[in-house]
Ligand code: G6P
Ligand code: MG
């Protein structure tokens, strides 16, 4: 029986994935890495420093920057990102997601957050949905980011259920891999997740509901 849900944030609960992309695109321009849809897709769910390394590598210059320069580039990206999310309000919750959180809470399910973003606690507050979550994994304490299972294992530990009793929600292939590695049921949202073969699939957040999940799990 399913008892809990482990949630990704960016691209699942709110459309901040587009702001991450916009900010990274600017970094790519600065380090002269050609931008592509593939690179943008590959960056989804990846931690800040790992994302920067991927951008540098895609331009073949991961060796041309010192550690300090890399930290400065990552800081710059985060400042740009924080500028872009300043105006986030509850109206920016993706279609169907507040109803899902509400329905899950009413039905007695527990929720935790497995976001790689250090900005996640602030974003939940801006969206007015912090109280739905029993806890948030602090990505600064992780040894390895998505696709490693660690973040979803930790989100599961917050809830205290067995892996088979939890469903993880993700919009990124790296996240689907992480959920599956943690032994939870992987719910993928959007065509990009298909490459990682989620256990349950929905085209968009509007289609994700407790009723639809129950039907597919039956
Ligand atoms: C999420 C997003 C990624 C982002 C990562 C780190 O996983 O999907 O695009 O790079 O969080 O976010 P942060 O806010 O800590 O830079
Ligand atoms: Mg995401």
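Numbering (the working numbering), first residue to last: 936 to 1153.
All C-beta atoms, glycine included, are put in the ideal place defined by N, C-alpha and C.
(message) Taking its Cβ as the centre, do 16 or more other Cβ atoms sit within 10 Å of residue 1119, making it buried, or is it exposed?
(response) With 16 or more other Cβ atoms within 10 Å, it is buried.
(message) Measuring only from the beta carbon, is residue 943 closer than 6 Å to any heavy atom that is part of the ligand MG?
(response) Within the cutoff, so yes.
(message) Helix, strand or coil, according to DSSP, for residue 1087 in the structure here?
(response) DSSP places residue 1087 in helix when its eight states are reduced to three.
(message) With distance defined between alpha-carbon atoms, name the residue in 1051, 1133 and 1124 nearest to residue 947.
(response) Nearest option by C-alpha distance: 1124.
(request) Verify the contact flag: residue 982, CB atom, against every heavy atom of the ligand G6P, threshold strictly below 6 Å. (result) Residue 982: yes, Cβ under 6 Å from the ligand G6P.
(request) Give the DSSP-derived three-state secondary structure of residue 1147 in the structure shown. (result) Of the three classes helix, strand and coil, the one that applies to residue 1147 here is helix, per DSSP.
(message) Just verifying my parser: in three-state terms, what is the DSSP assignment at residue 1102?
(response) In the structure shown, the three-state DSSP call for residue 1102 is strand.
(request) Going by DSSP, name the residue or residues bridged to residue 1120. (result) Note: residue 1120 sits in a beta bridge opposite 1102.
(request) Could you give the DSSP three-state label for residue 1130: helix, strand or coil? (result) Residue 1130: helix per DSSP, three-state reduction.
(message) Which residue wins for smallest C-alpha separation from residue 1058, given the options 1016, 1099, 1085 and 1046?
(response) Each of 1016, 1099, 1085 and 1046 was checked against the Cα of residue 1058, and the nearest Cα belongs to 1016.
(message) Quick check: residue 1069 and residue 1045, are their CB atoms within less than 7 Å of each other?
(response) Their beta carbons are under 7 Å apart, which means residue 1069 touches residue 1045 by this criterion.
(message) Between residue 987 and residue 1008, how many whole angstroms is the CB-CB distance? I'm expecting something under 8 Å.
(response) Their Cβ separation, rounded to whole angstroms, is 6 Å, which keeps residue 987 and residue 1008 in contact under 8 Å.
(request) Identify whether residue 985 lies in helix, strand or coil by the three-state DSSP scheme. (result) For residue 985, the secondary structure class from DSSP, reduced to helix, strand or coil, is helix.
(message) Does the beta-carbon of residue 955, which I'm using as the reference point, lie nearer than 6 Å to any heavy atom of the ligand G6P?
(response) For the ligand G6P, a non-hydrogen atom lies closer than 6 Å to the CB of residue 955.
(request) Please classify residue 1031: does DSSP put it in a helix, a strand, or coil? (result) Note: residue 1031 maps to coil in three-state DSSP.
(message) With H, G and I counted as helix, E and B as strand and the rest as coil, what does DSSP make of residue 1135?
(response) Of the three classes helix, strand and coil, the one that applies to residue 1135 here is strand, per DSSP.
(message) Checking 7 Å against the spacing of the C-beta atoms, do residue 1109 and residue 939 come in under that value?
(response) In this structure, residue 939 does not lie closer than 7 Å to residue 1109 by Cβ.
(request) For residue 939, write down the residues that DSSP places opposite it in a beta bridge. (result) 1045 and 1101.
(request) Give the DSSP bridge partners of residue 1070, in chain order. (result) Residue 1070 is bridged to 1047.
(request) May I ask which residues mark the beginning and end of the alpha helix (DSSP H) holding residue 1021? (result) For residue 1021, there is no enclosing alpha helix (DSSP H), as DSSP gives it neither H nor E.
(request) Kindly indicate which residue of 1126, 1152 and 1052 has the alpha-carbon position closest to the one of residue 976. (result) Of 1126, 1152 and 1052, the residue nearest in Cα terms is 1126.
(request) Reducing DSSP to helix, strand and coil, say where residue 950 ends up. (result) Three-state result, residue 950: coil.
(message) Give me the residue from 1051, 1139, 998 and 1149 with the minimum Cα distance to residue 955.
(response) Ranked by how close their Cα comes to the Cα of residue 955, the residues 1051, 1139, 998 and 1149 have 1051 in first place.
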